[in-house]
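Taking the UniProt record's numbering, I'd label the letters of the sequence shown as residues 1 to 178.
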Amino acid sequence: MKHEFFGVTVECVKGNIAAQADMDAIVNAANAMLRMGGGVAGAIHRGAGPGLEEECRELAPIQPGQVVITGAHNLPNRYVIHCLGPVYGKDEPSDQLLSSCYRNALQLAENNRIRSIAFPAISTGFFGFPLELATRIAFQTIFNMLPRLLIVRHIRFVLFSDADRQLYEQILDEFEET
Ligand code: AR6
Numbered sequence: 001m002k003h004e005f006f007g008v009t010v011e012c013v014k015g016n017i018a019a020q021a022d023m024d025a026i027v028n029a030a031n032a033m034l035r036m037g038g039g040v041a042g043a044i045h046r047g048a049g050p051g052l053e054e055e056c057r058e059l060a061p062i063q064p065g066q067v068v069i070t071g072a073h074n075l076p077n078r079y080v081i082h083c084l085g086p087v088y089g090k091d092e093p094s095d096q097l098l099s100s101c102y103r104n105a106l107q108l109a110e111n112n113r114i115r116s117i118a119f120p121a122i123s124t125g126f127f128g129f130p131l132e133l134a135t136r137i138a139f140q141t142i143f144n145m146l147p148r149l150l151i152v153r154h155i156r157f158v159l160f161s162d163a164d165r166q167l168y169e170q171i172l173d174e175f176e177e178t
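Here you go:
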């Protein structure tokens with residue numbers, strides 16, 4: 001379901017982050033060295049082809065909360081924005097570092113005139129962040145920025161299971177009511 005806040009469409013879908021052909025940019029839940037890895041990063045690098053790792057080489061390493069932008073190579077998007085999420089319970093303060101990922105990614109999108117951007121649930125896979133807490137941090141950060149966005153007009157959250165998508169919808173409804 002699509003929601004609209006301050007002229008920006010916000011939606012939560014079930015799907016594969018590497019198959020979002022209608023979005024200008026997709027966000028990678030990267031590793032510090034910006035290599036292939038598993039999960040989201042694996043799917044994105046497989047779709048993009050070896051040119052992505054090549055372009056990433058000189059941008060690595062990155063720190064938790066930091067983001068960098070590259071081309072999308074063989075993927076059907078214009079850009080990939082790579083975020084290093086915090087490892088839950090190790091990279092502290094985890095909540096602030098996760099918030100930085102969303103804030104910095106949106107700022108980078110604005111700076112690169114990106115109108116539509118798709119996010120995965122950063123840090124909630126291999127990095128162990130509890131999904132509900134991570135979802136609240138993601139929405140809180142994005143809602144704080146929405147009134148100031150000038151270029152970004154469409155934010156999509158791409159979740160890997162129906163249960164994850166339903167949790168996102170439920171928390172988004174709570175934000176909508178407040
Ligand atoms: N599309 C959308 N969501 C996905 C996909 C996909 N193709 N694959 C997994 N998810 P993760 P992290 C969900 O582990 O926790 C990597 O190996 C998944 O169910 O990709 O930030 C990197 O190389 C989970 O909810 O990212 C890093 O070393 C969420 O996306 C490390 O894992 C994030 O899972 C990053 O760990």
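Beta carbons: idealized from backbone N, C-alpha and C, even for Gly.
The Cβ atoms of residue 12 and residue 159 sit closer than 8 Å to each other.
A Cβ-Cβ distance of about 6 Å is found for the pair residue 3 and residue 176, placing them in contact under the 8 Å criterion. The alpha-carbon separation between residue 85 and residue 37 amounts to approximately 14 Å. Per DSSP, the beta-bridge partners of residue 117 are 25 and 155.
In the DSSP annotation of this structure, the continuous segment of the beta strand (DSSP E) that includes residue 69 starts and ends at 67-71. For secondary structure counted as the beta strand (DSSP E) over 3 or more consecutive residues, the region 73-102 holds these complete runs in sequence order: 79-83.
The Cβ atoms of residue 171 and residue 155 do not sit closer than 8 Å to each other. By the neighbour-count criterion, in which a residue is buried when 16 or more other Cβ atoms sit within 10 angstroms of its Cβ, residue 147 is exposed. CA-CA distance, residue 53 to residue 24, rounds to 20 Å. For residue 9, the enclosing beta strand (DSSP E) starts and ends at 8-14. Proximity to residue 113 across 153, 39 and 31 peaks at 153, based on C-alpha coordinates. Taking C-alpha positions only, residue 82 is separated from residue 120 by approximately 11 Å. Taking 8 Å as the upper bound for CB-CB distance, residue 27 and residue 118 are in contact here, some 7 Å apart. Residue 89 is classed as exposed because its beta carbon has fewer than 16 other beta carbons within 10 Å across all chains shown.
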